[in-house]
Every structure is written in structure tokens, then in C-alpha cells.
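So the structure is just underneath, and the comments pick up after that.
See below:
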């Protein structure tokens, strides 16, 4: 295997995108992050689930939390982790169970424009990815992820404005 193939990967704010790619009869993941691109010999959903557990939650808990906010919607964005109180939110392009689903970090998106194929997503590192996803669909996903981010930031603000903690000693 090539030098840019790895067996595992933990998502973070450095992660921009997880895209499934076919390698022979297997599905691997093309990861675009802040520093480079690499291929992980696991499916995107495996990486997402493993990252959630490694970072202190589960995919099911993250999904349940998003469902509490949005109701029973399809294609929910999820919080993979928190970094200094900021939620690291990823949005799916298709159903999370779809083998074609791509996970994109909300923090990584600079722009989204329509294209003949669907849309072009520009990432923070100026890399452009053309996706076969309707512009209206990805825009809705972006808005939902932004709303979830705002919700968590408002919760954080409320908590920080509560009575300061005083140790019982």
C-alpha cells in the first residue's frame, strides 16, 4: 500500500471531510484535513463511530442529542466532540447509513455554490470538491448544522452565566 494509507484516524477540528472511495471490493475513506489528504482503510462510518468513542461519546448519543433538537429529521448533523467548549459538528450529505455519504465538518466549509453536477464545496484550505448533491440539499444541511452549533453555543453561554461554582470546603 501507498505511504498515505493508514489503518485508523480520529476526527477533530483538523478534519475537513470524510469521503468514501472504492478500493477493489472494499470501501475506504478519503480524508481531507487541515494538514494533508490520506486514505484510511476503514469506512467513513467506522471512523465516525470510533472518533465519537475516543472523544467521550457514542455515535448513537450524538445522534440522539441532535434528534432532541431537530425532532425526527433525516440526515442530522452531529457533534463529534467539543474542544474548549466549542462543538465539532459534522454534517452528512446523504443518509448516514448510505455507502455514498460524505461527512463534512461545519468548521471546514468556506463556501458552497451550485454546479452542473450538483454543487461545489470550498473548504478552508481553498480545496474545492464537486459533489453530486443538489445545492438546495447541501444548503439545508449547512443551515441545520449552523443551527445546531448556535444551539450548543447558547447552552454554553447559559451555563457560564449561572452562579459561579464555589467548592464546599
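Residue numbers (the working numbering): 124 to 292.
Cβ atoms here follow ideal geometry from the backbone N, Cα and C, with glycine treated the same way.
Tell me which residues share the same chain as residue i and place their Cβ nearer than 6 Å to its Cβ, disregarding the 5 neighbours each side in the sequence.
i, result
"residue 139", "155, 156, 228, 231 and 246"
"residue 174", "133, 134 and 203"
"residue 142", "153 and 225"
Excluding the 5 residues preceding and the 5 following residue i in the sequence, name in chain order all residues of the same chain whose CB lies nearer than 7 Å to its CB.
i, result
"residue 132", "154, 163 and 170"
"residue 187", "none"
Tell me residue i's beta-bridge partners as DSSP assigns them.
i, result
"residue 340", "Given that the chain is displayed from residue 124 to residue 292, the structure contains no residue 340 and the question cannot be resolved."
"residue 205", "210"
Check each candidate in the options and name the one with the smallest Cα separation from residue i.
i, options, result
"residue 202", "127, 129, 134 and 280", "134"
"residue 237", "196, 262, 249 and 191", "262"
"residue 250", "241, 239 and 234", "234"
Just mark residue i as buried or exposed, buried being the case when its beta carbon has 16 or more other beta carbons within 10 Å.
i, result
"residue 259", "exposed"
"residue 255", "exposed"
"residue 225", "buried"
"residue 267", "buried"
"residue 165", "buried"
Who are the Cβ neighbours of residue i in its own chain at under 8 Å, not counting the five residues just before and after it?
i, result
"residue 158", "137"
Is any heavy atom in the ligand HEM found nearer than 7 Å to the beta carbon of residue i?
i, result
"residue 181", "Here there are no bound small molecules, and the ligand HEM is not part of this structure."
Exercise. Does the count of Cβ pairs from the region 269-286 and the region 208-218 closer than 8 Å reach three?
Worked result: yes
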